[in-house]
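Number of protein chains: 2
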Amino acid sequence: MTQYPLFSLIQSELALIEQELASAVHSQVELATDIGNHLLRAGGKRLRPALYLLCAKSAERELAPVLPVAVAIELIHMATLVHDDVIDEASTRRGLTTANVRWGNPLAVLTGDYLFAKAFSLVAGHAGNNVLRALTDAICVICEGEIVQAKNLFDSSQTEAEYLTRSGKKTAEFIAVSCELGAKAAGLPEEDAASLRNFGYSIGMAFQLTDDILDFTGSQAQVGKPVGNDLRQGVLTLPVLYALEASPRRGELADLIQGRDMAEDKLARCLSIIKDTEAIEYSYQRVHEYLDSARSALPEAARGEVRSALSGVADFVGLRNF
Amino acid sequence: MTQYPLFSLIQSELALIEQELASAVHSQVELATDIGNHLLRAGGKRLRPALYLLCAKSAERELAPVLPVAVAIELIHMATLVHDDVIDEASTRRGLTTANVRWGNPLAVLTGDYLFAKAFSLVAGHAGNNVLRALTDAICVICEGEIVQAKNLFDSSQTEAEYLTRSGKKTAEFIAVSCELGAKAAGLPEEDAASLRNFGYSIGMAFQLTDDILDFTGSQAQVGKPVGNDLRQGVLTLPVLYALEASPRRGELADLIQGRDMAEDKLARCLSIIKDTEAIEYSYQRVHEYLDSARSALPEAARGEVRSALSGVADFVGLRNF
Numbered sequence: 052m053t054q055y056p057l058f059s060l061i062q063s064e065l066a067l068i069e070q071e072l073a074s075a076v077h078s079q080v081e082l083a084t085d086i087g088n089h090l091l092r093a094g095g096k097r098l099r100p101a102l103y104l105l106c107a108k109s110a111e112r113e114l115a116p117v118l119p120v121a122v123a124i125e126l127i128h129m130a131t132l133v134h135d136d137v138i139d140e141a142s143t144r145r146g147l148t149t150a151n152v153r154w155g156n157p158l159a160v161l162t163g164d165y166l167f168a169k170a171f172s173l174v175a176g177h178a179g180n181n182v183l184r185a186l187t188d189a190i191c192v193i194c195e196g197e198i199v200q201a202k203n204l205f206d207s208s209q210t211e212a213e214y215l216t217r218s219g220k221k222t223a224e225f226i227a228v229s230c231e232l233g234a235k236a237a238g239l240p241e242e243d244a245a246s247l248r249n250f251g252y253s254i255g256m257a258f259q260l261t262d263d264i265l266d267f268t269g270s271q272a273q274v275g276k277p278v279g280n281d282l283r284q285g286v287l288t289l290p291v292l293y294a295l296e297a298s299p300r301r302g303e304l305a306d307l308i309q310g311r312d313m314a315e316d317k318l319a320r321c322l323s324i325i326k327d328t329e330a331i332e333y334s335y336q337r338v339h340e341y342l343d344s345a346r347s348a349l350p351e352a353a354r355g356e357v358r359s360a361l362s363g364v365a366d367f368v369g370l371r372n373f
Numbered sequence: 052m053t054q055y056p057l058f059s060l061i062q063s064e065l066a067l068i069e070q071e072l073a074s075a076v077h078s079q080v081e082l083a084t085d086i087g088n089h090l091l092r093a094g095g096k097r098l099r100p101a102l103y104l105l106c107a108k109s110a111e112r113e114l115a116p117v118l119p120v121a122v123a124i125e126l127i128h129m130a131t132l133v134h135d136d137v138i139d140e141a142s143t144r145r146g147l148t149t150a151n152v153r154w155g156n157p158l159a160v161l162t163g164d165y166l167f168a169k170a171f172s173l174v175a176g177h178a179g180n181n182v183l184r185a186l187t188d189a190i191c192v193i194c195e196g197e198i199v200q201a202k203n204l205f206d207s208s209q210t211e212a213e214y215l216t217r218s219g220k221k222t223a224e225f226i227a228v229s230c231e232l233g234a235k236a237a238g239l240p241e242e243d244a245a246s247l248r249n250f251g252y253s254i255g256m257a258f259q260l261t262d263d264i265l266d267f268t269g270s271q272a273q274v275g276k277p278v279g280n281d282l283r284q285g286v287l288t289l290p291v292l293y294a295l296e297a298s299p300r301r302g303e304l305a306d307l308i309q310g311r312d313m314a315e316d317k318l319a320r321c322l323s324i325i326k327d328t329e330a331i332e333y334s335y336q337r338v339h340e341y342l343d344s345a346r347s348a349l350p351e352a353a354r355g356e357v358r359s360a361l362s363g364v365a366d367f368v369g370l371r372n373f
């Protein structure tokens, strides 16, 4: 796993989590293990378990008992990613072939289900029902967000507010819950747990918006998937919605999108229309507003080194280009 | 819902479960509710929650506290069905258009995930971690069974023993766990819970084998899907494996299967080869062996009316043609 200096406070716990993830994806059925290992090899930032652990470190406590929940959080995230790739018919993620392309949709769907079940099995063995309930409710919200997204493909009439609600459901909510559960594991009072929840929500929004920006500005090498991939699938993100409002060629853009056929030449025209506007600057401005909210949500009750690490996560999300 | 006289002992509880299912599939997102309602309208035998409830009635206890687990069991089953239909590219189930055809694979995958999460959320709110653990472990086993099935498509070298193991994983295990959890909810001793687990496992095997037989002998009107559907998908069930051993034309059958292209004329040839053997009689013989095992597993500790209801379930599985 890539080492992120900003997670240095929980370096040893993150290393343990990698081991536990490897053991969690191990199945009697060799093929299931192979697919699980492939997903692990694709890596990832482990952002959600890292935030959970950092929040859990808000008070001086032993982290060992909370590690299974951190592992479960990442397994749930992996499950949603493998299903997302089926849904989006994605062929690469983080530069590696996706499970759906390598093993086919059936095995990718089943592996996602397997990872969900493994995650809950871990939580059932190591945490209270309130933790489980928070995680399952968050998954319901993620699904609702994804369902709304699937329903609104190529719908050029959707608003920025709808986009923000959808991003909240599909990404920010789960990160918010990860932080809240960490805070509760640290024994922080309800009010501070709610603050860390807000921190996580804002970080999640900034993270999703950055993802959506990188879909336009990042190279295949940086983000591990082709440029304009969301738009190709009909997923309209903030830069597109901005251009649909602000571009002098907004009528042409809307027509191209409503045609629901994103052949390469049409996609290229859309991208050029979007890039001729202030869409990216506007979107980054929203990212920085969310990051400011995140920083100002950090509660005094958390230990100084935890607050500065969480603040570092906000800096990282603002700077990342992968 | 169709009323089955054999479930008369738990008629009122099953009616409550229908209400709770309707409330569980209700989402803020209208489309999610629509898909959930469609799945509910397709009905089903509610075999798993019914067995859970019957076993829970082994001792004289109030059933109200265990209803949420019964609902969760059916939600999990519904989730696996909706994902199965994505995997098998099925277009009808129980005579209705499948969710994947009506709403597309993305929404079907997401709805399945949503139902899984709803199920666990219910269990987290109303039952102990041991119940949750048993259910999540059973889902892992179902996924493993389905993964093995997906891997072995069109593989004419698989054995009857492999088929039985796979059927155990994908169907019997979950029914076994439903019975075991019911027995434990009734407070039966460990040994009797294990007996009811064995009862459920045998019922589950008989149920899956009957399903696989009906794929050959049932009409579209009876089973709600086209004849020979499993074989068309490359899923080799007991009648096929029998014919691959016993038919004088087994070489031709193996060649047709290994060709991995089940056009209608080829499928018809396979079906005729299979029907010229004793495959169906042989398979029914195995069904009845499992049903005998099921009946003899019924523990004395269960109340008489529960034992006779469970025995009635065994009769029903042996007679069903839908």
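First to last, the sequence lines map onto chains A and B.
Numbering-wise (the working numbering), the first sequence opens with residue 52 and increments by one.
Numbering-wise (the working numbering), the second sequence opens with residue 52 and increments by one.
A virtual CB, placed ideally from N, CA and C, is assigned to each residue, including glycine.
**Asked** Apart from the five residues just before and just after Pro240/B, which ones in its own chain have a Cβ nearer than 8 Å to its Cβ?
**Response** Within the second sequence, residue 240/B is the residue found at index 189, counting from 1. Excluding residues within five positions, the ones whose Cβ falls inside 8 Å are Ala352.
**Asked** Any C-beta of chain A sitting closer than 8 Å to the C-beta of Ile190/B?
**Response** Looking up residue 190/B in the second sequence gives position 139. Cβ-Cβ to chain A under 8 Å: yes for Ile190/B.
**Asked** For Ser218/A versus Leu287/A, is the C-beta distance shorter than 8 Å?
**Response** Position 167 of the first sequence holds residue 218/A. Position 236 of the first sequence holds residue 287/A. Contact flag unset, no.
**Message:** Give me the DSSP bridge partner(s) of Arg184/A.
**Reply:** Walking along the first sequence from the start, residue 184/A turns up at place 133. Looking at the DSSP assignment, Arg184/A forms no beta bridge with any residue, so it has no partner.
**Prompt:** Does Cys194/A come within less than 8 Å of chain B when only Cβ atoms are used?
**Reply:** Looking up residue 194/A in the first sequence gives position 143. True, the Cβ-Cβ gap to chain B drops below 8 Å.
**Message:** Once the 5 residues before and after Ala322/A are set aside, which same chain residues still bring their CB inside 6 Å of it?
**Reply:** Position 271 of the first sequence, counted from the start, is the residue given in the question as residue 322/A. A small fix is needed here, since residue 322/A is Leu in this sequence, not Ala. So the qualifying residues of the chain are Gly279.
**Item:** Integer Cβ distance of Ala345/B from Glu195/A, believed to fall under 8 Å
**Value:** Taking the second sequence and counting its residues from 1, one reaches residue 345/B at position 294. Taking the first sequence and counting its residues from 1, one reaches residue 195/A at position 144. Actually they do not touch by this definition, with Cβ atoms about 41 Å apart.
**Asked** Can at least three beta-carbon pairs, one atom from the region 253-273 of chain B and one from the region 219-232 of chain B, be found at a separation below 8 Å?
**Response** yes
**Asked** If you measure beta-carbon to beta-carbon, which residues of the region 105-126 of chain A are closer than 9 Å to chain B?
**Response** none
**Request:** Would you mind telling me which residues of chain A sit closer than 7 Å to Pro157/B, beta carbon to beta carbon, in chain order?
**Result:** Taking the second sequence and counting its residues from 1, the one referred to as residue 157/B is at position 106. Those are Ile138 and Ala201, listed as they occur along chain A.
**Contacting residues, own chain, Cβ-Cβ under 7 Å from Val137/A (five flanking each side not counted)** = Residue 137/A sits at position 86 when you count from the first residue of the first sequence. Cβ neighbours of Val137/A beyond the five flanking positions: Asn151, Asn156, Ala159 and Val160.
**Prompt:** Of the residues that make up the region 225-250 of chain B, which ones have a beta carbon closer than 7 Å to any beta carbon in chain A?
**Reply:** none
**Request:** Identify the continuous alpha helix (DSSP H) that holds His77/A and give its terminal residues.
**Result:** On the first sequence, position 26 is the one that residue 77/A refers to. His77/A -> no alpha helix (DSSP H), and no H or E assigned at all.
**Request:** Excluding the 5 residues preceding and the 5 following Leu304/B in the sequence, name in chain order all residues of the same chain whose CB lies nearer than 7 Å to its CB.
**Result:** Counting from 1 along the second sequence, the entry for residue 304/B is found at position 253. Closer than 7 Å at Cβ, skipping near neighbours: Ala294, Leu295, Ser298, Cys321 and Ile324.
**Asked** Which residues, in chain order, does the region 174-185 of chain B contribute to contact with chain A at a C-beta distance below 7 Å?
**Response** Ala175, Gly176, Asn180, Leu183 and Arg184
**Prompt:** Based on the DSSP secondary-structure assignment, which residues constitute the bridge partners of Lys144/B?
**Reply:** The residue you call residue 144/B lines up with position 93 of the second sequence. Note that residue 144/B is Arg in the sequence shown here, rather than Lys. According to DSSP, which records beta bridges pairwise, Arg144/B is partnered with Leu147/B.
**Message:** Check whether chain B comes within 8 Å of Glu71/A, counting only Cβ atoms and requiring the distance to be less than that.
**Reply:** Counting from 1 along the first sequence, the entry for residue 71/A is found at position 20. Cβ-Cβ to chain B under 8 Å: no for Glu71/A.
**Message:** Assuming Leu57/B is part of the alpha helix (DSSP H), what are its boundary residues?
**Reply:** Position 6 of the second sequence, counted from the first residue, corresponds to residue 57/B. Segment: none, Leu57/B is in no alpha helix (DSSP H) and carries neither H nor E.
**Asked** Does the beta carbon of Asp164/B sit closer than 8 Å to a beta carbon anywhere in chain A?
**Response** For the purposes of this step, residue 164/B is taken as residue 113 along the second sequence, with counting starting at 1. Yes, because at least one Cβ of chain A sits closer than 8 Å to the Cβ of Asp164/B.
**Asked** Hey, how far is the Cα of Gly163/A from the Cα of Thr131/A?
**Response** Here residue 163/A corresponds to residue number 112 of the first sequence, with the count starting at 1. Here residue 131/A corresponds to residue number 80 of the first sequence, with the count starting at 1. If I take the Cα positions, the gap works out to 7 Å.
**Prompt:** From Arg248/A to Ser270/A, what does the alpha carbon distance come to, in whole angstroms?
**Reply:** Here residue 248/A refers to the residue found at position 197 when the first sequence is read from its first residue. Here residue 270/A refers to the residue found at position 219 when the first sequence is read from its first residue. C-alpha separation (whole angstroms): 32 Å.
**Request:** Within its chain, find whatever has a CB closer than 6 Å to the CB of Val117/A; leave out the 5 residues flanking it on each side and keep chain order.
**Result:** Position 66 of the first sequence, counted from the start, is the residue given in the question as residue 117/A. Hits under 6 Å: Ala107 and Ala236.
**Message:** Rounding to the nearest angstrom, what Cα-Cα distance links Asp85/A and Val76/A in this structure?
**Reply:** Mapped onto the first sequence, residue 85/A falls at position 34. Mapped onto the first sequence, residue 76/A falls at position 25. Spanning the two alpha carbons is a distance of roughly 9 Å.
**Asked** Quick one: Cα of Tyr252/A to Cα of Glu242/B, how far?
**Response** If you number the first sequence from 1, residue 252/A lands on position 201. If you number the second sequence from 1, residue 242/B lands on position 191. About 49 Å.
**Prompt:** Taking all protein chains shown into account, do 16 or more other C-beta atoms lie within 10 angstroms of the C-beta of Ser78/A, making it buried, or fewer, making it exposed?
**Reply:** For this step, residue 78/A is matched to residue 27 along the first sequence. Ser78/A comes out buried.
**Request:** Say whether chain A places a C-beta atom closer than 8 Å to the C-beta of Val133/B.
**Result:** Walking along the second sequence from the start, residue 133/B turns up at place 82. With 8 Å as the cut-off, Val133/B does not count as an interface residue toward chain A.
**Message:** Is there a Cβ of chain A sitting closer than 8 Å to that of Glu213/B, yes or no?
**Reply:** Here the question's residue 213/B lines up with position 162 in the second sequence. So, not an interface residue.
**Asked** In angstroms, rounded to a whole number, what distance separates the CA positions of His177/B and Ala73/B?
**Response** Mapped onto the second sequence, residue 177/B falls at position 126. Mapped onto the second sequence, residue 73/B falls at position 22. For His177/B and Ala73/B, the distance between alpha carbons rounds to 18 Å.
**Message:** Measuring only the C-alpha atoms, how far is Leu90/B from Ala365/A?
**Reply:** Position 39 of the second sequence, counted from the first residue, corresponds to residue 90/B. Position 314 of the first sequence, counted from the first residue, corresponds to residue 365/A. Cα to Cα, Leu90/B sits roughly 42 Å from Ala365/A.
**Request:** Rank Thr328/A, Ala234/A, Leu361/A and Asp281/A by C-alpha distance to the C-alpha of Leu114/A and give the top, closest one.
**Result:** Position 63 of the first sequence, counted from the start, is the residue given in the question as residue 114/A. Residue Ala234/A is the option with its Cα nearest to Leu114/A.
**Request:** Given a cut-off of 8 Å, decide if Ile308/A and Phe267/A are closer than it, judged by their beta-carbon atoms.
**Result:** Taking the first sequence and counting its residues from 1, one reaches residue 267/A at position 216. Taking the first sequence and counting its residues from 1, one reaches residue 308/A at position 257. No, the pair does not count as a contact, with Cβ atoms beyond the cut-off.
**Request:** Select from Ser142/A, Arg371/A, Asp135/A and Glu71/A the residue whose C-alpha is nearest the C-alpha of Leu260/A.
**Result:** Residue numbering aside, residue 260/A sits at position 209 when the first sequence is read from its first letter. Of the listed residues, the one whose Cα sits closest to Leu260/A is Arg371/A.
**Message:** Against chain A, does Leu82/B count as a neighbour if the rule is that its beta carbon must be under 8 Å from one of theirs?
**Reply:** As a first step, residue 82/B must be located in the second sequence, where it is residue number 31. Closer than 8 Å to some Cβ of chain A, the Cβ of Leu82/B qualifies, so yes.
**Asked** Any Cβ of chain B within less than 8 Å of the Cβ of Ala437/A?
**Response** The question about residue 437/A has no answer, for chain A in this structure spans 52 to 373.
**Prompt:** If we ignore side chains and look at the alpha-carbon of each, how far apart do Ala110/B and Pro350/B end up?
**Reply:** On the second sequence, residue 110/B is found 59 positions in, with the first residue counted as 1. On the second sequence, residue 350/B is found 299 positions in, with the first residue counted as 1. Approximately 12 Å between the Cα atoms of the pair.
**Asked** Which chain A residues are close to Leu161/B, counting only those with a beta carbon under 8 Å from its beta carbon?
**Response** Position 110 of the second sequence, counted from the start, is the residue given in the question as residue 161/B. Within chain A, the residues near Leu161/B are His134, Ile138, Cys194, Glu197, Ile198 and Ala201.
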